[in-house]
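Chemist:
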Amino acid sequence: MKNLSLLLVTLFSVNLFAGDITVSDGDNYFEVSEKTVSEFNFINSVSNINTVVVKSEEGEFVKLNIASYSSDSKIGDADLPVLQRLIRVPFGSEMAIKILNTEDTIIDLSDFGYEIPVFPNQPSVSKSAIDFPFYMNETYYNLDKFTGNDLVTTELLGKMRGQQLARLKVSPIQYNPSTNQLKIITKMEVKIIFKNINISEDVSNRMKYYSPEFETLFKICVNYTSVAEKDVITTYPVKYVIIADPMYQAALQPLVDWKKKKGFLVVEEYTNNPLVGTTNTSIHTFIKDMYDNATASDPAPTYLLLIGDIGQVPSFNTGQHVSDMYFCEFDGNGDFYPEMYYGRFSAVTAADIEVQVNKTITHEQYLFPDPSFLDEVVLVAGVDGSWAPTHGNGQINYGTDNYFNTQHGLTVYNYLYGSGSPITSDMSGASAAIIADVSAGVGFANYTAHCGSSGWSDPSFEVSDVPGLQNIDQYGFMVGNCCQSNTFDNPVCFGEKLLRANNKGAVGYIGGSNNTYWDEDFWWAVGSTSNITANPTYAGTGLGLYDALMHENGEAQADWFFTAGQMIHSGNLAVTQAGGSEQYYWEIYHLMGDPSLMPYIGVPTVLSVSHQNATPVGTTSLMITTEENAYVALSMNGVLLDAQLAGPTGIVNLSFSAIANVGNADIVVTKQFKQPYISTINIISPNTPFVIYNTHTLNDPTGNNNLEADYNELIELDVELNNVGSQPTQNVNVVISTTDSYVTLIDSTDFLATVNANNTINISSPFTFQVANFVADQHMVTFNLTITDNQSNSWNSTLFVTLNAPILGDVNFIIDDATTGNGNGKLDAGETLDLIVDVENSGHAEIMNMNAVLGTLSSYVTVNNPIGVNVNSLMPLAQQSTVFNITIDPNTPMGTLAEFPFDITDGTYAHSAIFNETIGVIDEDYETGDFSNYSWVQGTYPWVITNANPHEGVNCSRSSFNLPDNQDSEMSVELDVLSSGSISFYKKLSSEEDYDFLKFKINGSKVGEWSGIDADWSLVSFPVSAGLTTFKWEYDKDGGWTEGQDCAFVDYIVFPPIDLGTVSVEENNINISLFPNPTMGSFEVEFTDNKERTVLLYDINGKLILSESSDENIKFDISKKSTGTYTIKVLPEGVTYQIVKN
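Positions -13 to 1128 (this note's numbering) are the ones given, in order, by the sequence shown.
(1) Do you know how far the Cα of Asp951 is from the Cα of Asn30?
(2) Taking the alpha-carbon positions, what's the His307 to Tyr495 distance?
(3) Can you find the residues in the same chain that come closer than 6 Å, C-beta to C-beta, to Leu(-7), ignoring five residues on each side of it along the sequence?
(4) Could you tell me which residues DSSP pairs with Gly462 in its beta bridges?
(5) Go ahead and pull the three-state DSSP assignment for Asp217.
(6) Return the bridge partner residues of Trp781 from the DSSP annotation.
(7) Determine the burial state of Tyr575: buried for a count of at least 16 other Cβ atoms within 10 Å of its Cβ, exposed for fewer.
(8) Is Asp1024 buried or exposed, if buried means 16 or more other CB atoms sit within 10 Å of its CB?
(9) Assuming Thr91 and Ile170 form a contact by the criterion Cβ under 8 Å, report the distance between their Cβ atoms to the nearest whole angstrom.
(10) Between the region 73 to 86 and the region 155 to 164, do three or more beta carbon pairs fall short of 8 Å?
(11) Just to confirm the assignment, what range does the beta strand (DSSP E) spanning Ile554 have?
(12) Return the chain-ordered list of same chain residues with a C-beta closer than 6 Å to the C-beta of Gly438, the five sequence neighbours on each side being excluded.
(13) Bridge partners of Lys155, per DSSP?
(14) Got a sec, what are the start and stop residues for the alpha helix (DSSP H) Asn344 sits in?
(15) Report the rounded CA-to-CA distance for Met861 versus Asn685, giving the unit in angstroms.
(16) How far does the beta strand (DSSP E) with Gln865 in it reach, from first residue to last?
(17) In chain order, what residues of the same chain have a beta carbon less than 7 Å from the beta carbon of Val449, not counting five sequence neighbours either side?
(18) Pull up the distance between the alpha-carbon of Ile61 and that of Val68, whole angstroms please.
(19) Helix, strand or coil for Ser164? Go by DSSP, reduced to three states.
(20) Is the region 833 to 849 in contact with the region 889 to 896, if contact means three or more CB pairs nearer than 8 Å?
(21) Distance, Cα to Cα, Leu251 vs Leu631?
(22) Rounded to whole angstroms, what's the CA-CA distance from Glu254 to Ile229? Just pull it up for me.
(23) What would DSSP say about Met122, mapped onto helix, strand or coil?
(24) Is the Cβ-Cβ distance between Asn184 and Arg74 less than 7 Å?
(25) Whose CA, out of Glu995, Glu956 and Asn989, lies closest to the CA of Leu975?
(26) For Leu455, report the span of its beta strand (DSSP E) as first-last.
(27) Smallest Cα separation from Asn391: which of Val363, Asp412 and Met413?
(28) Spatial neighbours of Phe659 within its chain, please: C-beta separation below 6 Å, excluding the five flanking residues on both sides.
(29) Jot down the residue ranges of each uninterrupted alpha helix (DSSP H) in the region 817 to 902, minimum 4 residues, whole runs only, in chain order.
(30) Is Trp510 closer than 7 Å to Val465 when the C-beta atoms are compared?
(31) To the nearest angstrom, how far is it from the Cα of Asn432 to the Cα of Phe463?
(32) Since I believe Ile645 is in contact with Ala600 (beta carbons under 8 Å), could you give me their beta-carbon distance rounded to a whole number of angstroms?
(33) Mind checking Met122: buried by the 16 CB within 10 Å criterion, or exposed?
(34) My guess is that Ser54 and Gly526 are in contact by the Cβ rule of under 8 Å, so how many angstroms apart are they, rounded?
(35) If you draw a straight line from the alpha carbon of Leu1092 to that of Thr1113, how long is it in whole angstroms?
(36) List the endpoints of the continuous alpha helix (DSSP H) containing Met536.
The structure is reproduced here in structure tokens:
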């Protein structure tokens, strides 16, 4: 693995040892203690430095790492960690640094076991590079003085959206190469002062160029302060600019119409307009003019969508690559920080645009026929022997550890390099598997490694594969952290092909228009750090794309990013903060797609929105209640009336000129990871009545009186109506109806003599309905209100009532043998003990008077309270223990499987389960001194028994001695697992970290792997399903160096319930026949020895449903039961059989 490239041989091939240097108590931290517009104070503390020893042909070095720090030393000098943060600089000001206090210490690296120099800083490496020279400044390493950056420095970067940005650098470590000493500033307090601020210019620029969707970016600055006038500024909608060739005008109209409804001030311009023109400079000038002349009431544009390929809308060319970024750079005097979010619909024909418009609208309006594909995610660390084990796998592992996992309801198909995933990227079948995953539909995909203009290189997924994709109506968002996959100046690059694919491919693709870099791509996705590993942590890195997009680790709301355009900015800002190839990255990363699109990560949930259904002509304001950060827009006849972002209360007050005509106004509410809300509001004549539903209350005086609709309750529904018209109405009849089978209407009509204009009124007497005894919890009943008056007016409204019911379940099955048993928490022969089932009510209604029963299917077990346990009440979201006492026969064979069917019910709501436990522990502890306990299978390099430091007893197992390079040592055993359970074992590693692994596999699928040097044994456990199962322990060694004892140890394996090859009664000794099997309903159990027996029949949930005794044939009829597998138990032998009902 390490003999792959010059880089790993001559640069920093191997991590040999990792440790920590602790210089003071406490944690490392950076904290802004005070801040105003004109100054801010911060405290920086360094208590611990992580160290990693690396080896090269130039010798060994120690690399210094501090979480969230990065590198800033000269290439070839000692790589000393530097903390870099972005700060905002007021216009006209000069920055001054005042060191208020410092505490320092000097340490000898030799005191911590390092007689080797600090690792020299190396340049970033392009993902297209082949040769990797090693840089070491010999002159520097001969110096006899403390070296390093100034303690605190600032660097003005440029302007973005009316704000100046600078980089703050804190360098708390200096190094003396000759003495091998570190001088560490363990604590410093610093004041940054901004002198001579032009206050009027600073405030004016912030107001003039304010955009709610850019303010999120600026809040990353550690000294961010809000605009005093923000509450006024945020009332204005976001401006969206479209620049297109005129041939695309007709194809674009559905998108333009939709964006207006969604809440954008759309500026739609075409290159045949002389003010726009057909050159990149004329187009830039046109957009810049809008930006420069913005006012608080006519805001600067936020989004730019370019329509067409470079032949229609030519991009900027730096000489090495094309870049659309410079269309959006206005106020930095030629810097590279864009003032807008941008994307491109690359197209040649109008049909290309129609495809991308349709896919964007389908995505944003959530029109997918089956949206379940949004729960699917593909993550790939592509093939590169040098960089993929750390940078590639580290990026993907960070994503799956924190966000893309089952805890988030996602099904993730991850392809790590080398090991760690069911299919690794270097396997021959990886390419076909990845293409198949995308072809089946995925919501999000991310690849990091090598690319070309044609697509992902290894595993291969390229332009030629796109026509064969079958993800019709199942296209998601994709990101390629790799070289050149968005080189849209080539004939058709990968991103263009995915976007132009009709009704498939992708709805958006982010990629580079030139080569990308390993370090920078890692920072872009994960966040800045000086210590890039295969398993990065949130605490050890800054904020990258994944964090900003998902914002689930307590990030301030300021650090949340939502849209595709913001995704590029968040990644590039991480590179900027790290001090990497920032200008290059701002230039090359591009979006093929709509920059305002919010990608879904998982199936979105329903967005809560409420508003009145009608309002009269002349209305100038409207209140909508929704969720915080939802964007609310109101439009009519293609004209946007107003749009605002909901604050913490979720209440939005839209203001607009008086509506002049009757009709329907469109309301659209959108929010990240939520289904869009799309509806209409009736605009009615001011000279007529218009009666609609306003609100309702529930009463349940004969029930539990909690003012909610619970199962089996009689509900009084009091409805309040609102006449939003300007005229009263008389003789109003109100009729409520529903088709819902869970409720029965009893009183469904009401009469009101008068409903006055602009007035609310309650119906004279409540409607009543009966809730069924059995209902689904949280089921929403739709009631329709039909309201008529004596003038033949008729109005319809809808109201919703949520029904509550219990949901019974079990959360724990506990063996309590502490009092009457041996206290080992296991079932053992001869014990009398308690089995505890913790039951829960996860529903929203109380349930009462339940009976819980625990049975047994084992002839060796007696349940001593077979009539069960009474549970008086379970409140919503409550739990209660039910205790059952059992006795186990002293003659029970070791390893006997005991099955315990459990039922709890009140007669209507029920829950059933079967718990399986093994009587006696089935283990392998190697105390026989050999592998004779089970049918162990060894590989070419077998495991051995050793008495060196076992976990327990005197023996344990160890992988093969003197294992050759690039070989593995395997031991495996095949067992018949009788029921689902788990396997556990203790393991200890003494191996080269990140290169030589202990892998544990179940039926060929790797479920765990470990490397490094363990100080002690650790226990691991994995779930196991029933059936014939192969368990394999495999120690894999790569080529090159070794570390530690170069082996793995395993001890005290506890197996799940398995067939040990012993049963108490042979089936053929009973002389039984069971027919027909499978059955459609009736079947017969026949005995030929005329011995009386009892036959018990358990349903598919393990519940006893029938019992018959006879010395002749016994007939059963399950024709009215559910299809599935039923269990028959024959007593007194205790033998069980299964019969299938079709």
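C-beta: ideal position from N, C-alpha, C; glycine also.
Modeler: Inspection of the coordinates gives the following:
(1) In the sequence shown, the residue the question calls residue 30 occupies position 44. In the sequence shown, the residue the question calls residue 951 occupies position 965. For Asn30 and Asp951, the gap between their C-alpha atoms comes out near 46 Å.
(2) Taking the sequence shown and counting its residues from 1, the one referred to as residue 307 is at position 321. Taking the sequence shown and counting its residues from 1, the one referred to as residue 495 is at position 509. Roughly 18 Å between the two C-alpha positions.
(3) Locating residue -7 in the sequence shown gives position 7, counting from the first residue. Confidence is the limiting factor: at Leu(-7) the pLDDT is only 36, short of 50, which leaves the residue's position unreliable, though a coordinate-based value still follows. Excluding sequence neighbours, Leu(-7) sits near Phe118 and Ser372.
(4) The residue you call residue 462 lines up with position 476 of the sequence shown. Beta-bridge partners assigned by DSSP to Gly462: Ala492.
(5) Within the sequence shown, residue 217 is the residue found at index 231, counting from 1. Because the pLDDT at Asp217 is just 30, under 50, the model does not fix this residue reliably, and the value given afterwards should be weighed accordingly. If DSSP states are grouped into helix, strand and coil, Asp217 belongs with the helices.
(6) The residue you call residue 781 lines up with position 795 of the sequence shown. In DSSP, Trp781 forms a bridge with Ile773.
(7) Working through the sequence shown from its first residue, we reach residue 575 at position 589. That one is buried.
(8) Translated into the one-based positions of the sequence shown, residue 1024 becomes position 1038. Answer is buried; the Cβ neighbour count reaches 16.
(9) Taking the first residue of the sequence shown as position 1, residue 91 is located at position 105. Taking the first residue of the sequence shown as position 1, residue 170 is located at position 184. The beta-carbon distance between Thr91 and Ile170, rounded to whole angstroms, is 6 Å. This is short enough to meet the 8 Å contact definition.
(10) Contact between the region 73 to 86 and the region 155 to 164 is absent, because fewer than three Cβ pairs lie under 8 Å.
(11) One-based indexing of the sequence shown puts residue 554 at position 568. No beta strand (DSSP E) holds Ile554; the alpha helix (DSSP H) holding it covers Ala550 to Ala564.
(12) The residue given as residue 438 occupies position 452 in the sequence shown. By the criterion of a C-beta distance shorter than 6 Å, Gly438 is surrounded in its chain by Gln470, once the five residues flanking it on both sides are discounted.
(13) In the sequence shown, residue 155 corresponds to position 169, counting from 1. According to DSSP, Lys155 bridges with Gln70 and Thr139.
(14) For the purposes of this step, residue 344 is taken as residue 358 along the sequence shown, with counting starting at 1. Where Asn344 is concerned, the enclosing alpha helix (DSSP H) stretches over Ala336 to Glu350.
(15) Taking the sequence shown and counting its residues from 1, one reaches residue 861 at position 875. Taking the sequence shown and counting its residues from 1, one reaches residue 685 at position 699. For Met861 and Asn685, the distance between alpha carbons rounds to 20 Å.
(16) On the sequence shown, residue 865 is found 879 positions in, with the first residue counted as 1. Per DSSP, the continuous beta strand (DSSP E) segment holding Gln865 begins and ends at Ala864 to Ile874.
(17) Mapped onto the sequence shown, residue 449 falls at position 463. Take Val449, set aside five residues on each side of it, and the residues of its chain with a beta-carbon closer than 7 Å to its own are Ser440, Gly441, Val478, Phe480 and Lys483, in chain order.
(18) Taking the sequence shown and counting its residues from 1, the one referred to as residue 61 is at position 75. Taking the sequence shown and counting its residues from 1, the one referred to as residue 68 is at position 82. Looking at the backbone, the Cα of Ile61 and that of Val68 are separated by about 14 Å.
(19) Against the sequence shown, residue 164 aligns to sequence position 178. It is coil, neither helix nor strand.
(20) With a cut-off of 8 Å, the region 889 to 896 and the region 833 to 849 count as touching, because enough Cβ pairs lie within range.
(21) Position 265 of the sequence shown, counting from 1, holds the residue named residue 251. Position 645 of the sequence shown, counting from 1, holds the residue named residue 631. Their backbone Cα atoms lie some 14 Å apart in a straight line.
(22) Residue 254 sits at position 268 when you count from the first residue of the sequence shown. Residue 229 sits at position 243 when you count from the first residue of the sequence shown. Rounded to the nearest angstrom, the two C-alpha atoms are 7 Å apart.
(23) Against the sequence shown, residue 122 aligns to sequence position 136. Look at Met122 here: in three-state DSSP terms it is coil, with no helix or strand label.
(24) On the sequence shown, residue 184 is found 198 positions in, with the first residue counted as 1. On the sequence shown, residue 74 is found 88 positions in, with the first residue counted as 1. Taking C-beta atoms as the reference points, Asn184 and Arg74 fail to come closer than 7 Å.
(25) The residue given as residue 975 occupies position 989 in the sequence shown. Closest option to Leu975, Cα to Cα, is Glu995.
(26) Against the sequence shown, residue 455 aligns to sequence position 469. It is not in any beta strand (DSSP E) - Leu455 carries neither H nor E in the DSSP assignment.
(27) Here residue 391 is taken as the residue at index 405 of the sequence shown, counted from 1. When only C-alpha atoms are compared, the closest one is Val363.
(28) Within the sequence shown, residue 659 is the residue found at index 673, counting from 1. The beta carbon of Phe659 lies closer than 6 Å to those of Pro590 in the same chain, with the five residues before and after it left out.
(29) You should have found no qualifying run.
(30) Here the question's residue 465 lines up with position 479 in the sequence shown. Here the question's residue 510 lines up with position 524 in the sequence shown. It is not a contact, given that the beta carbons lie outside the stated cut-off.
(31) The residue given as residue 432 occupies position 446 in the sequence shown. The residue given as residue 463 occupies position 477 in the sequence shown. One Cα belongs to Asn432, the other to Phe463, and the distance between them is close to 9 Å.
(32) Working through the sequence shown from its first residue, we reach residue 600 at position 614. Working through the sequence shown from its first residue, we reach residue 645 at position 659. Not a contact, Cβ separation roughly 12 Å.
(33) Taking the sequence shown and counting its residues from 1, one reaches residue 122 at position 136. With 16 or more other Cβ atoms within 10 Å, it is buried.
(34) For the purposes of this step, residue 54 is taken as residue 68 along the sequence shown, with counting starting at 1. For the purposes of this step, residue 526 is taken as residue 540 along the sequence shown, with counting starting at 1. That belief holds up - the Cβ atoms of Ser54 and Gly526 are roughly 7 Å apart, short of 8 Å.
(35) By 1-based counting over the sequence shown, the position of residue 1092 is 1106. By 1-based counting over the sequence shown, the position of residue 1113 is 1127. Approximately 11 Å, taken between the alpha carbons.
(36) The residue given as residue 536 occupies position 550 in the sequence shown. Met536 -> alpha helix (DSSP H) spans Leu531 to Met536.
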